[in-house]
Amino acid sequence: MTSASLRITIYLAVSLIVGMIVREYARASAASRLGDPTPKLWGRLTWNPRVWFDPFGSALLPGLILVLWLASSSFLPPPFAYAKPAPVDTGYLRRQPRDTVIVGLAGPLATIALAAMAGLALRVAPDGELGLSLAVFQFANLCLAIFHLLPIPGLDGARLVALVLPDRARETYRNLDQYLALFILATLFLLGGPVQSIVYALVNALCGVFGGVSCRP
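Heads up, the sequence shown is in this note's numbering, so the first residue is 100 and it goes up one at a time.
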């Protein structure tokens, strides 16, 4: 462990916390604005992270990933976390499938917006600790957004893919949401190479657009 890896790991942790709070609020807010009262009735239309905290997805999983980053391991999986999904009843959404797509994209777009703001600030930020913290914040939120758009059951990407599947296949696909933790572990540690290549390629491209510099580890 080095001083640099410790600082980067701390910045990653803070970035994931901020990104997850904004992401979950954006998703609940989008559903509420489109006519679904469920997030508000369940107390999910809030900035309080305690209501969406998931022991595995919000603590153990990101903690394991951050330990690998802290150890300066050659295996650096994308910083990632997930929360208890905000309850959304698509029966309340007035325009389908448009409204479901909007709700599905709300979280990733919110974290991409955070990354874009950090990237723009990075263009004018002085070199040093501020620049490093902005670069890490941009990187972590882009990883968060892109990973959530992968077609892994339980994530936003799977919900969007399900819209184009036949009814029976859609139901089967959605029933796999309960195995999200297993799918995430398999994706990160059994299919880590291909997944890292895809995620980091997209992250790096967006970092170049927003911040003007590469942010790939």
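For glycine and all other residues, C-beta sits at the position ideal for the given N, C-alpha and C.
It should be emphasised that the depicted structure is a prediction, and the values quoted were computed from it without experimental measurement.
Span of the alpha helix (DSSP H) around residue i
{"i": "Lys-139", "result": "137-140"}
{"i": "Ala-217", "result": "197-223"}
{"i": "Ile-109", "result": "102-132"}
{"i": "Pro-293", "result": "291-309"}
{"i": "Leu-192", "result": "It is not in any alpha helix (DSSP H) - Leu-192 carries neither H nor E in the DSSP assignment."}
{"i": "Leu-259", "result": "255-261"}
Beta-carbon separation (whole angstroms), residue i vs residue j, contact threshold 8 Å
{"i": "Leu-133", "j": "Ile-201", "result": "7 Å"}
{"i": "Leu-241", "j": "Ala-214", "result": "5 Å"}
{"i": "Trp-151", "j": "Ala-182", "result": "4 Å"}
{"i": "Leu-167", "j": "Pro-176", "result": "7 Å"}
Backbone CA spacing between residue i and residue j [nearest angstrom]
{"i": "Ile-120", "j": "Pro-148", "result": "6 Å"}
{"i": "Leu-105", "j": "Ser-232", "result": "12 Å"}
{"i": "Leu-274", "j": "Pro-184", "result": "Sequence inspection shows Asn at residue 274; the Leu mentioned does not correspond to that position. Roughly 14 Å between the two C-alpha positions."}
{"i": "Glu-228", "j": "Leu-248", "result": "30 Å"}
{"i": "Leu-160", "j": "Ser-296", "result": "20 Å"}
{"i": "Pro-207", "j": "Thr-145", "result": "18 Å"}
{"i": "Gly-118", "j": "Ala-180", "result": "9 Å"}
{"i": "Leu-284", "j": "Phe-238", "result": "21 Å"}
{"i": "Ala-224", "j": "Gly-218", "result": "10 Å"}
{"i": "Ala-212", "j": "Val-235", "result": "15 Å"}
{"i": "Leu-305", "j": "Ala-103", "result": "24 Å"}
{"i": "Gly-311", "j": "Ala-244", "result": "19 Å"}
{"i": "Val-263", "j": "Gly-162", "result": "35 Å"}
{"i": "Asn-303", "j": "Leu-204", "result": "20 Å"}
{"i": "Pro-178", "j": "Ala-257", "result": "19 Å"}
{"i": "Pro-293", "j": "Asp-226", "result": "33 Å"}
{"i": "Pro-186", "j": "Gly-142", "result": "10 Å"}
{"i": "Val-298", "j": "Gly-291", "result": "10 Å"}
{"i": "Ser-157", "j": "Pro-196", "result": "29 Å"}
{"i": "Val-113", "j": "Glu-270", "result": "36 Å"}
{"i": "Leu-194", "j": "Thr-108", "result": "Here the sequence assigns Arg to residue 194, which means Leu is not the residue at that position. Distance between the alpha carbons of Arg-194 and Thr-108 is about 42 Å."}
{"i": "Asp-153", "j": "Arg-222", "result": "35 Å"}
{"i": "Ser-313", "j": "Gly-190", "result": "43 Å"}
Proximity of residue i and residue j at Cβ, strictly below 9 Å
{"i": "Tyr-278", "j": "Ala-261", "result": "no"}
{"i": "Asp-266", "j": "Asp-188", "result": "no"}
{"i": "Gly-307", "j": "Asp-276", "result": "no"}
{"i": "Leu-289", "j": "Ile-164", "result": "no"}
{"i": "Pro-138", "j": "Ala-127", "result": "yes"}
{"i": "Arg-122", "j": "Thr-199", "result": "no"}
{"i": "Ala-300", "j": "Phe-155", "result": "no"}
Helix, strand or coil at residue i according to DSSP, with G and I counted as helix
{"i": "Trp-168", "result": "helix"}
{"i": "Phe-155", "result": "helix"}
{"i": "Cys-242", "result": "helix"}
{"i": "Pro-148", "result": "helix"}
{"i": "Ile-283", "result": "helix"}
{"i": "Phe-288", "result": "helix"}
{"i": "Asp-226", "result": "coil"}
{"i": "Ser-313", "result": "coil"}
{"i": "Ser-232", "result": "helix"}
{"i": "Tyr-272", "result": "helix"}
{"i": "Arg-143", "result": "coil"}
{"i": "Tyr-181", "result": "coil"}
{"i": "Leu-175", "result": "coil"}
{"i": "Leu-249", "result": "coil"}
{"i": "Pro-265", "result": "coil"}
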